[in-house]
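Peer 1: Protein chains in written order, with full-length UniProt numbering: chain E, 1 to 245; chain C, 1 to 518. All C-beta atoms in this analysis are idealised placements derived from N, C-alpha and C, irrespective of residue type, glycine included.
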Amino acid sequence: MAFLTTVYAFLFYFAAFVLVAGLVFRIARYALTPAPLKIPTTPAPTTRGGVVLRMTREVVLFESLFRGNKWTWIFGWIFHFGLFIVTLRHLRYFIEPVWFPIQLVQPFGIYGGLAMIIGLAGLWARRFLVDRVRYISAPSDHLILALLILIGVSGLLVKFVFHTDVVAIKTFFLGLYAFEIRPLPADPLLLLHLLLVAMLMILFPYSKLLHAPGLFFSPSRNQADNPREQRHLAPWAKRLEQGRG
Amino acid sequence: MAKSAFRVPPLSQYTEVPAIMPGAMAQSAPFVSKAEFQEPLGFPGELVDDWQARAIAKMGELLGKYRSLRVYLDACVKCGACTDKCHYFLGTSDPRNMPVGRQDLLRKVYRRYFTWSGRLFPRLVGAEDLTREMLDDWYSYFHQCSQCRRCSVFCPLGIDTAEISMAAREILDSIGLGQKYCNEIIGKVYKVGNNLGLPGPALRHTLEGLEEDVYDDTGVRVRYPIDQEGAEILLVTPSADFFAEPHVDGLIGYGKVLHESGISWTLSSHASEAANFGMFIGSYDNMRQIALRIREAAIQLKVKRIVFGECGHAWRVAYSFLNTLAGPWDFLDPRYPVPQHICEFTYDLIQQGRLTFDKSLNDDKVLTYHDSCNVARASRMGDMPGGQFEIPRAIIRATCNHFHEMDEDTIRDRTFCCGGGGGLLTDDLIELRVKGAKPRMDALNNVMQEKGVTHMVAICAICKSQFTKVLPYYGMEMEQILSLHQLVSNAIVLTPGPDDEADEDDDDDQPDDDPDQE
Chain E
1 MAFLTTVYAF
11 LFYFAAFVLV
21 AGLVFRIARY
31 ALTPAPLKIP
41 TTPAPTTRGG
51 VVLRMTREVV
61 LFESLFRGNK
71 WTWIFGWIFH
81 FGLFIVTLRH
91 LRYFIEPVWF
101 PIQLVQPFGI
111 YGGLAMIIGL
121 AGLWARRFLV
131 DRVRYISAPS
141 DHLILALLIL
151 IGVSGLLVKF
161 VFHTDVVAIK
171 TFFLGLYAFE
181 IRPLPADPLL
191 LLHLLLVAML
201 MILFPYSKLL
211 HAPGLFFSPS
221 RNQADNPREQ
231 RHLAPWAKRL
241 EQGRG
Chain C
1 MAKSAFRVPP
11 LSQYTEVPAI
21 MPGAMAQSAP
31 FVSKAEFQEP
41 LGFPGELVDD
51 WQARAIAKMG
61 ELLGKYRSLR
71 VYLDACVKCG
81 ACTDKCHYFL
91 GTSDPRNMPV
101 GRQDLLRKVY
111 RRYFTWSGRL
121 FPRLVGAEDL
131 TREMLDDWYS
141 YFHQCSQCRR
151 CSVFCPLGID
161 TAEISMAARE
171 ILDSIGLGQK
181 YCNEIIGKVY
191 KVGNNLGLPG
201 PALRHTLEGL
211 EEDVYDDTGV
221 RVRYPIDQEG
231 AEILLVTPSA
241 DFFAEPHVDG
251 LIGYGKVLHE
261 SGISWTLSSH
271 ASEAANFGMF
281 IGSYDNMRQI
291 ALRIREAAIQ
301 LKVKRIVFGE
311 CGHAWRVAYS
321 FLNTLAGPWD
331 FLDPRYPVPQ
341 HICEFTYDLI
351 QQGRLTFDKS
361 LNDDKVLTYH
371 DSCNVARASR
381 MGDMPGGQFE
391 IPRAIIRATC
401 NHFHEMDEDT
411 IRDRTFCCGG
421 GGGLLTDDLI
431 ELRVKGAKPR
441 MDALNNVMQE
451 KGVTHMVAIC
461 AICKSQFTKV
471 LPYYGMEMEQ
481 ILSLHQLVSN
491 AIVLTPGPDD
501 EADEDDDDDQ
511 PDDDPDQE
């Protein structure tokens, strides 16, 4: 088993590196690219505080999507909220001692897993059933849904059907922090679950999963509506002004 | 009903979402610009030989200059929330007129040349080479977007197709494939000062005619001054206001309001255009050059304030961009926002009780109000978010007795574009314009049937021209579209001035206030 353990250890080092480095690179590029004009979709808040509130509503409640399409909203929100709960639940494998709020969330994590799958199934169904959504779906749009559903299903199976040694898993991941390779349980379903998660981490900075950081940089949502009060000038636009009377 | 070479969609009670018909509007494309219209704007005269490489290079340049473009091309998750929001899709059924379908034309090429996944696995992620066919699709479909931003309201990531369309048009211009309508017009602004190419003497003549007309109608001398140095306010209005119907009735209204305010004002022949077509073609440089004419006029005429007339996309550039493009405005009166909308100006006077109206003079009409897309979703009026919806309505209620709203899904920030915005108001796109008007026509027809509405009011020169043209295709009358300040003009009770016949005893403490004195 030592060989598989080593492979997985390096897989997760690699995946974590790609995820972090890729995201840092992407986010830095979003942040460094200027937004030369004020383009909030109005009515928009006129202050920074208002923008924080608007953004919070978008991130937590998917406010615009709610106005746009109720089916996509309900499935999308169920999926994302489920994923959020599941992620919190999984934190116990990566921290010692386990924080109290993470302990509290444990029993709900199971429902989060189910919610995730229900939401994903609904979103996938729309890709087949609604002609407009079918038209815009590329193979990658289907594959990413398949990947997420497989992660959810394999995770729930490990939990409910084919139990594994969760203490050993935690030992394995905590060992990675100290660059120590400790044995990983050799249950096929667990290995599949972990492989898929590593794939998701690697894909994240190179796919539409970038919508997560992207939202925070979306000028139509993150700009305050105050163009008459404050002059907004990008560095490249400022250079055009040199020599102006 | 007007004759047409295409099928006008039948009106329905509520606009239904059609089944997709790929390629339904593939034939629609505006006339290509000639070299004489390209070169004054700094673009190649015709499609350059190495257009593919230069288009990709331009895309790379824009990705570095516009965060919106970079984020929006990456962030789309293909959720479909936008797919039934565009009036051009609802009217034509062409899936490339779904906002995401339109964006994907650019996104496919972006992925192919600028992302690892697209370079390595193009088919998997839907990446495509920039072929001649793709270029033609760009030209066709990025001229089927009126940059109205309705899609951006509903997108969970706030993706604004207008930004994508502007970038695409900028790329097309940079390789010599410009659109004749927009680029010819921008050339006229540089040469003459306005979109319609009306020179100063023609404007003066028109304005003198207006003064005579208003005097004949009311017995009050209302001035329509131009190039009057030292006036307090510079009024910048779309050039259609100088002669087109119903636009000119709005201009008459602005003059009457300004007359009642007692504040001196002037138009400018140098900046005789509020609209800024530089935005339509996504060209910061051209947009800036056009905007700077307003700065130059303000300095030259030594005004203290700038007020814009009724114009939708113009108000977007004015409200959202003018400070960026042509500011800072530190030489103007700091007590007033720069610029102000004529509706804000009129509304303030109403609030102060300085205007008197006889609402019954509009009793021959039952009104509804069309929120112009760029006023609604890309600007504001007044101090509060949403003032762009409330202030025009407050003016309508102050001047009319009979007003009804259209369906909630078609007003305020969910308003539908008239179908002619964003540089599409040209006869070579008439099929697109008629079909794109359908959602608005459905909603209008609905209130006509149910509430007896007779007229629709708008505050945008493009909306007014577009509806005048397309209403007859739907069996309605072109006169059913009105300027907001036309209602003001009808109902306002004018105060006679010192040189009017009606009064002898009026104040004569301003002996030299005749602005047209030579």
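#1: Would you call Thr-468(C) buried or exposed, if buried means 16 or more other Cβ atoms sit within 10 Å of its Cβ?
#2: DSSP state of Ile-102(E), grouped into three classes?
#3: Who pairs with Val-457(C) in a beta bridge, going by DSSP?
#4: By a C-beta neighbour count over all protein chains shown, 10 Å radius and 16 as the cutoff for buried, is Leu-238(E) buried or exposed?
#5: For Ser-372(C), which residues in the same chain have their Cβ closer than 7 Å to its Cβ, ignoring the five residues on either side in sequence?
#6: Asp-499(C): which of Tyr-215(C), Val-470(C), Phe-308(C), His-270(C) sits nearest, CA to CA?
#7: Taking C-beta to C-beta, are Leu-196(C) and Phe-243(C) nearer than 9 Å?
#8: Kindly say whether Asn-323(C), judged by its beta-carbon, lies nearer than 9 Å to any beta-carbon of chain E.
#9: What is the DSSP secondary structure of Phe-204(E), counted as helix, strand or coil?
#10: Do three or more CB pairs link the region 204–222 of chain E to the region 17–33 of chain E at distances below 8 Å?
#11: Kindly list the residues whose CB is nearer than 6 Å to the CB of Leu-240(E), restricted to its own chain and excluding five residues on each side of it in sequence; keep chain order.
#12: What separation, rounded to the nearest whole angstrom, lies between the Cα atoms of Ala-274(C) and Gly-187(C)?
#13: According to the Cβ coordinates, are Val-197(E) and Ile-151(E) closer than 9 Å?
#14: Since Phe-217(E) meets chain C, which of its residues come closer than 7 Å, beta carbon to beta carbon?
#15: Using the Cα positions of Tyr-473(C) and Pro-439(C), report the straight-line distance between them to the nearest angstrom.
#16: Using 9 Å as the threshold, is the C-beta distance between Val-100(C) and Cys-82(C) below it?
#17: Less than 9 Å between CB atoms is the rule here; does Glu-163(C) satisfy it with respect to chain E?
#18: What does the alpha-carbon distance come out to for the pair Glu-296(C) and Met-59(C)?
#19: If you pair each beta-carbon of the region 8–23 of chain C with each one of the region 442–449 of chain C, do three or more pairs fall below 8 Å?
#20: When DSSP labels each residue in this structure, what does Leu-325(C) get in the three-state scheme?
#21: Going by the beta-carbon positions, is the gap between Ile-164(C) and Tyr-135(E) smaller than 9 Å?
#22: According to DSSP, Arg-305(C) sits in a beta bridge with which residue or residues?
#23: Going by other Cβ atoms of all chains shown within 10 Å of its Cβ, with 16 needed for buried, is Thr-6(E) buried or exposed?
#24: Below 8 Å on the Cβ atoms is my guess for Gly-309(C) versus Gly-250(C); work out the distance and round it to an integer in Å.
#25: Taking 9 Å as the cut-off, decide whether the C-beta atoms of Leu-258(C) and Leu-203(C) are in contact.
#26: Do Tyr-66(C) and Thr-56(E) have their C-beta atoms within less than 9 Å of each other?
#27: Along the chain, where does the alpha helix (DSSP H) containing Glu-36(C) start, and where does it finish?
#28: Between Lys-365(C) and His-404(C), is the Cβ-Cβ spacing less than 9 Å?
#29: In chain order, which continuous runs of the beta strand (DSSP E) of length 3 or greater are located wholly inside the region 323–407 of chain C?
#30: Give the residues from the UniProt domain "NarG-like" (77–212) of chain E that approach chain C closer than 7 Å (Cβ to any Cβ), ordered along the chain.
#31: So, for Leu-147(E): in the same chain, excluding its five sequence neighbours on each side, which residues have a beta-carbon less than 7 Å away from its beta-carbon?
#32: Quick one: what's got a C-beta closer than 7 Å to Asp-383(C)'s C-beta in the same chain, skipping five residues either side?
#33: State the CB to CB distance for the pair Tyr-30(E) and Phe-217(E), rounded to an integer number of angstroms; the pair is presumed to be in contact (CB under 8 Å).
#34: So, at 8 Å on beta carbons, what are the nonlocal neighbours of Leu-123(E) in its own chain, with the 5 sequence-adjacent residues on each side left out?
#35: Can you find a CB in chain C that lies within less than 9 Å of the CB of Ala-234(E)?
#36: In this structure, does DSSP put Leu-267(C) in helix, strand or coil?
Peer 2: Let me spell this out:
#1: For the purposes of this step, residue 468(C) is taken as residue 468 along the second sequence, with counting starting at 1. By the neighbour-count rule (16 or more Cβ atoms within 10 Å), Thr-468(C) is buried.
#2: Position 102 of the first sequence, counted from the start, is the residue given in the question as residue 102(E). Helix, per DSSP.
#3: Taking the first residue of the second sequence as position 1, residue 457(C) is located at position 457. Per DSSP, Tyr-369(C), Leu-482(C).
#4: Here residue 238(E) corresponds to residue number 238 of the first sequence, with the count starting at 1. Rather than Leu, the amino acid found at residue 238(E) in this sequence is Lys. Exposed, by the Cβ-count rule.
#5: Reading the second sequence from its first residue, position 372 is the one you call residue 372(C). Answer for Ser-372(C): Gly-312, Ala-458, Ile-459, Cys-460, Cys-463, listed in chain order.
#6: Reading the second sequence from its first residue, position 499 is the one you call residue 499(C). That would be Tyr-215(C), whose Cα lies nearest to the Cα of Asp-499(C).
#7: Locating residue 196(C) in the second sequence gives position 196, counting from the first residue. Locating residue 243(C) in the second sequence gives position 243, counting from the first residue. Contact flag set, yes.
#8: In the second sequence, residue 323(C) corresponds to position 323, counting from 1. Judged by the 9 Å Cβ criterion, Asn-323(C) is in contact with chain E.
#9: Your numbering for residue 204(E) matches position 204 in the first sequence. It is helical.
#10: yes
#11: Position 240 of the first sequence holds residue 240(E). Listed in chain order, the non-local C-beta contacts of Leu-240(E) below 6 Å within the same chain number zero, local neighbours out to five positions each way being set aside.
#12: Walking along the second sequence from the start, residue 274(C) turns up at place 274. Walking along the second sequence from the start, residue 187(C) turns up at place 187. Between Ala-274(C) and Gly-187(C), the C-alpha separation is close to 15 Å.
#13: As a position in the first sequence, residue 197(E) is number 197, starting the count at 1. As a position in the first sequence, residue 151(E) is number 151, starting the count at 1. Yes; because the gap between Cβ atoms is below 9 Å, this pair is in contact.
#14: Your numbering for residue 217(E) matches position 217 in the first sequence. By Cβ distance, chain C contributes Arg-67, Val-71.
#15: To locate residue 473(C), count along the second sequence from 1; it is residue 473. To locate residue 439(C), count along the second sequence from 1; it is residue 439. Answer to the nearest angstrom: the Cα atoms are 14 Å apart.
#16: For the purposes of this step, residue 100(C) is taken as residue 100 along the second sequence, with counting starting at 1. For the purposes of this step, residue 82(C) is taken as residue 82 along the second sequence, with counting starting at 1. Yes, the pair counts as a contact, with Cβ atoms nearer than the cut-off.
#17: Working through the second sequence from its first residue, we reach residue 163(C) at position 163. With 9 Å as the cut-off, Glu-163(C) counts as an interface residue toward chain E.
#18: Mapped onto the second sequence, residue 296(C) falls at position 296. Mapped onto the second sequence, residue 59(C) falls at position 59. Their backbone Cα atoms lie some 33 Å apart in a straight line.
#19: Flag = yes, the region 8–23 of chain C and the region 442–449 of chain C touch.
#20: What you label residue 325(C) is simply residue 325 of the second sequence in a count that begins at 1. In the structure shown, Leu-325(C) sits in a helix (DSSP, three-state: H, G or I).
#21: What you label residue 164(C) is simply residue 164 of the second sequence in a count that begins at 1. What you label residue 135(E) is simply residue 135 of the first sequence in a count that begins at 1. The answer is no: Cβ separation not under 9 Å.
#22: Reading the second sequence from its first residue, position 305 is the one you call residue 305(C). In DSSP, Arg-305(C) forms a bridge with Ile-233(C).
#23: In the first sequence, counting from the first residue as 1, residue 6(E) sits at position 6. So Thr-6(E) ends up on the exposed side.
#24: Position 309 of the second sequence, counting from 1, holds the residue named residue 309(C). Position 250 of the second sequence, counting from 1, holds the residue named residue 250(C). Gly-309(C) to Gly-250(C), Cβ: 7 Å. Contact.
#25: Within the second sequence, the letter at position 258 stands for residue 258(C). Within the second sequence, the letter at position 203 stands for residue 203(C). No, the pair does not count as a contact, with Cβ atoms beyond the cut-off.
#26: Translated into positions along the second sequence, residue 66(C) becomes position 66. Translated into positions along the first sequence, residue 56(E) becomes position 56. No, the Cβ-Cβ distance between Tyr-66(C) and Thr-56(E) is not below 9 Å.
#27: What you label residue 36(C) is simply residue 36 of the second sequence in a count that begins at 1. Note, Glu-36(C): alpha helix (DSSP H), 35–38.
#28: Within the second sequence, numbered from 1, the residue matching residue 365(C) stands at position 365. Within the second sequence, numbered from 1, the residue matching residue 404(C) stands at position 404. Taking 9 Å as the Cβ cut-off, Lys-365(C) and His-404(C) do not qualify as a contacting pair.
#29: Runs found: 367–369.
#30: If you check each beta-carbon in the UniProt domain "NarG-like" (77–212) of chain E against every beta-carbon of chain C, the ones closer than 7 Å belong to Arg-126, Val-130, Asp-131, Arg-132, Val-133, Tyr-135, Ile-136, Ser-137, Ala-138, Pro-139, Ser-140, Asp-141, Tyr-206, Ser-207, Lys-208, Leu-210, His-211.
#31: Along the first sequence, one-based indexing puts residue 147(E) at 147. Excluding sequence neighbours, Leu-147(E) sits near Leu-196, Met-199, Leu-200.
#32: Sequence index remark: in the second sequence, residue 383(C) carries index 383 (1-based). Spatial neighbours of Asp-383(C) in its own chain (CB-CB distance under 7 Å, excluding positions within 5 residues in sequence) are not present.
#33: Working through the first sequence from its first residue, we reach residue 30(E) at position 30. Working through the first sequence from its first residue, we reach residue 217(E) at position 217. That pair is a contact at about 4 Å.
#34: Start at 1 with the first residue of the first sequence, and residue 123(E) comes out as number 123. Answer for Leu-123(E): Thr-72, Phe-75, Gly-76, Phe-79, Leu-145, listed in chain order.
#35: Stepping through the first sequence from its first residue, residue 234(E) is reached at position 234. For Ala-234(E), a Cβ of chain C is located within less than 9 Å of the residue's own Cβ.
#36: On the second sequence, position 267 is the one that residue 267(C) refers to. It is a strand residue.
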